[in-house]
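For the sequence shown, my numbering assigns the number 1483 to the initial residue and increments by one for each residue that follows. Data block below; observations after.
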Amino acid sequence: MIVRTLAESEQSDRRVVTRTWESTRLLLKNDRMGFSFHITTIYAKTETHIHYQNHLEAVYCISGEGEVETLTDGKIHSIHPGTLYALDRHDDHLLRGITEMKLACVFNPPLTGKEVHDENGVYPLNADPAS
Ligand code: 9YT
């Protein structure tokens, strides 16, 4: 069985920090669960372009307020505590934090832990083939 805390994981290289968000990856590919599980903080007053062409992601909002704009149709979806959205169509989108948001995120296939978005908002399929 795997038991970890967010607090201890935040003190390790499981925590990845970027300009608009940070994320602590509690479960990764090498945990062999078939998915990865992350607690992500979206910083207030930010916009991030995301397009996971190689992954499916489900996102559950724990706290904070934000919105997702899907770029194929221009629709804006409000995000509040209790909202789930799932990128079941590899949706190209803008994620906006209005206030700071805490999100629980699941990726299939699992991330390896090294991923940060490229210039198109994409994660490569396998950032570290050795893992
Ligand atoms: C919602 C989202 O995808 N935010 C970007 C960070 C991602 N959750 C990650 O890499 O942990």
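Built from N, CA and C at the ideal position, the CB exists for glycine as well.
Per DSSP, what kind of secondary structure is residue i in: helix, strand or coil?
i               : result
serine 1491     : helix
lysine 1584     : strand
asparagine 1512 : helix
valine 1499     : strand
leucine 1577    : strand
alanine 1568    : strand
alanine 1612    : Because the pLDDT of alanine 1612 is 46, which lies under 50, any placement of that residue in the model is unreliable, and the question is left without a value.
valine 1598     : coil
valine 1541     : strand
glutamate 1529  : strand
threonine 1554  : coil
arginine 1486   : coil
With distances taken from CA atoms, which of the options is nearest residue i?
i               : options                               : result
lysine 1527     : Met1583, Val1598, Val1588 and Cys1587 : Met1583
aspartate 1573  : Gly1546, Arg1501, Val1541 and Ile1580 : Val1541
leucine 1585    : Tyr1567, Glu1492, Leu1576 and Glu1597 : Tyr1567
leucine 1569    : Lys1511, Leu1538, Met1515 and Arg1496 : Leu1538
glutamate 1551  : Glu1597, Asn1512 and Thr1530          : Thr1530
isoleucine 1484 : Lys1557, Leu1508 and Val1598          : Leu1508
threonine 1565  : Val1498, Pro1606 and Ile1544          : Ile1544
aspartate 1513  : Pro1591, Leu1607, Val1598 and Tyr1605 : Pro1591
If you count every other CB in all the chains shown that lies within 10 Å of the CB of residue i, and 16 or more means buried, which is it?
i               : result
histidine 1520  : buried
isoleucine 1561 : buried
serine 1494     : exposed
isoleucine 1524 : buried
serine 1578     : Per the sequence shown, the amino acid found at residue 1578 is arginine instead of serine. Per the 10 Å Cβ criterion, buried.
proline 1611    : In this prediction, proline 1611 has a pLDDT of 41, which is less than 50 and means its spatial position is unreliable; nothing more can be read from the coordinates.
leucine 1488    : exposed
glycine 1556    : exposed
serine 1613     : With a pLDDT of 46 at serine 1613, under the threshold of 50, the modelled position of that residue is not reliable, and no figure is offered here.
threonine 1581  : exposed
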